[in-house]
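Visitor:
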Amino acid sequence: MAREQGFLARIGDAADVRGSRMPVAVRARLRWVRAQLTSIAQVSLGAAIAWVIAHDVIGHQQPFFAPVAAILVIYAGTGGRRQIMLELFVGVSVGVLVGESLISLIGRGWWQIGVIVALASVSATFLGLRGLARTQAATSASLLAAILPVTAGNPAVIRFVDAVVGGLVGLAMALLIPGNPARRANREMQAVLRTLDQALRGIELALRLEDAGPAWTALQQVRGLQPAIESLATTISSADEIARYSPLRWRQRSHVERYVVAIRDVDNAARDTRVLARRVHTMLRRGEHSFPGMPEAVSLLQEAVGIFADDIAVADAYDDARSKLIEAARMATVALPSAATINDAAVVAQVRALASDLLYATGMTQAQVDRALEVRGTS
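Each residue of the sequence shown is one higher than the one before, counting from 3 in our numbering.
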């Protein structure tokens, strides 16, 4: 395995050194392979070890469920592996029970596979199983119908034990050979924050030029951000699990906790940015004018997002980011004209909401945020 990792690492290095002579798509794929070295090591070792335990230690002659279960837990377990293991066991149990029971009655063949898979799927659905559990029930039943029967022992018990062995080995690989949880969370967090940065830059430009076009572009950018945020939430859940349960990553628990604290409020900040972009676009499209101070306030928000991104990556203090966020809220409030339109007031409200959510993302409590804004005269 060390030789395999070294070989793949050299491939990644070659992609960097010979970048000018290698197509961009190939370099990107090689970088992706290099980023997945940990999961490759987990799944290859896990499959091999699960087979050895089930075949050589326990003595099962066809322990194909063991490596399959290990692979499923490692690759499919991107968050909440304990729940996935439970679903896996239930799904395998349903598939084995239905499959073996029907095989003893109707035998094996092409039409028997169809009947067995259908009934296993119906049983799993009736029991409320979804996703991986239902899939595993159907695949377990189909495999049992397609392979040669076990010649000794109770087939249902043997298959279930194999699945348990594989699931436990998969979990062990996830804990004993963990990826870098903070790095994974940060990679996706940075992508989300870059989009927020770009959107706020577009909103600022729209306000400065009094042109609705950049605000519309910003609105489309943030509208497309939700899938990335959902993926980020899953990644952070997995990273938190690894940092809490893997002894090799315990020292990263405090860093990962910053992402756990921030994810909900970053999601809220993205929603606030979407509303802000829509309000600015509506205001300018209807011929209303921006008012002095608003472009500067949005610019401060954009700067704060960049600083926040740097601070969360290196586990640094959020002092500069917090200062700019509070100043942005103050500036927007002060800039609101006395004869404000509904859109003017809405834009200011969204700037304040966005600043508040990003302050929460830095770990401040509601009382601390209220007090900070109140001290600066923005209550």
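Ideal Cβ positions, reconstructed from N, Cα and C, are used throughout, including at glycine. Only a predicted model underlies this, so the values are computations on that prediction, with no experimental measurement involved.
At a Cβ threshold of 7 Å, is E102 touching chain B?
Guide: The displayed structure is made up of one protein chain only, and chain B is not part of it.
Visitor: Between the C-alpha atoms of R36 and G289, what's the straight-line distance to the nearest angstrom?
Guide: 52 Å
Visitor: Where L221 and Q254 are concerned, what is the direct C-alpha to C-alpha distance, given to the nearest angstrom?
Guide: Answer to the nearest angstrom: the Cα atoms are 36 Å apart.
Visitor: Here's the rule: buried if 16 or more other CB atoms are within 10 angstroms of the residue's CB, otherwise exposed. What is V371?
Guide: buried
Visitor: Extract the residue ranges of the alpha helix (DSSP H) inside the region 220-301, only unbroken runs of 4 or more that lie entirely within it.
Guide: 228-247 and 255-287
Visitor: CA-CA distance, A140 and I42?
Guide: 26 Å
Visitor: Where does the unbroken alpha helix (DSSP H) through P183 begin, and where does it stop?
Guide: P183 to L211
Visitor: Going along the chain, which residues of its own chain have a beta-carbon closer than 6 Å to the beta-carbon of L338, five neighbours each way excluded?
Guide: V350
Visitor: Name the two residues that bound the continuous alpha helix (DSSP H) containing A323.
Guide: D321 to A337
Visitor: What are the start and end residues of the alpha helix (DSSP H) that includes L356?
Guide: I344 to A363
Visitor: Measure the CB-CB distance between A230 and T275 and report whether it falls below 7 Å.
Guide: At a Cβ-Cβ threshold of 7 Å, A230 and T275 do not count as neighbours.
Visitor: Taking 7 Å as the cut-off, decide whether the C-beta atoms of S142 and V75 are in contact.
Guide: no
Visitor: Out of N345, G97 and V98, which has the shortest C-alpha to C-alpha gap to R287?
Guide: N345
Visitor: Using the Cα positions of E206 and H283, report the straight-line distance between them to the nearest angstrom.
Guide: 11 Å
Visitor: Just confirm the distance between the C-beta atoms of S144 and I118, as a whole number of angstroms; I'd bet it's less than 8 Å.
Guide: 7 Å
Visitor: How would you call H291, buried or exposed, if buried means at least 16 neighbouring beta carbons within 10 angstroms?
Guide: Around the beta-carbon of H291, fewer than 16 other beta-carbon atoms lie within 10 Å, marking it exposed.
Visitor: Could you name the residues of the same chain whose beta carbon sits closer than 6 Å to that of E376, not counting the 5 residues immediately before and after it, in chain order?
Guide: none
Visitor: With Y261 and M191 assumed to form a contact (beta carbons below 8 Å), what rounded beta-carbon distance in angstroms separates them?
Guide: Yes, Y261 and M191 are in contact; Cβ-Cβ is about 6 Å, under 8 Å.
Visitor: Taking V100 as the reference, give the member of A120, D164 and L90 with the closest Cα.
Guide: A120
Visitor: Report the rounded CA-to-CA distance for S301 versus S233, giving the unit in angstroms.
Guide: 28 Å
Visitor: According to DSSP, simplified to helix, strand and coil, what is Q44?
Guide: helix
Visitor: Suppose the cutoff is 6 Å on Cβ atoms and the five residues either side in sequence are ignored; what does the same chain contact list for Q368 look like?
Guide: none
Visitor: Tell me the DSSP secondary structure of L10 in three-state form.
Guide: Caution applies to L10, whose pLDDT of 43 falls short of 50 and renders its modelled position unreliable; the value that the coordinates give is listed next. It is helical.
Visitor: In terms of residues, what are the limits of the alpha helix (DSSP H) holding Q64?
Guide: Here Q64 belongs to no alpha helix (DSSP H), and DSSP marks it neither H nor E.
Visitor: For D359, count neighbouring C-beta atoms within 10 Å of its own C-beta (all shown protein chains included) and say buried if the count is 16 or more, exposed if not.
Guide: Of the residues assessed, D359 falls on the buried side of the cut-off, its CB having 16 or more other CB atoms within 10 angstroms.
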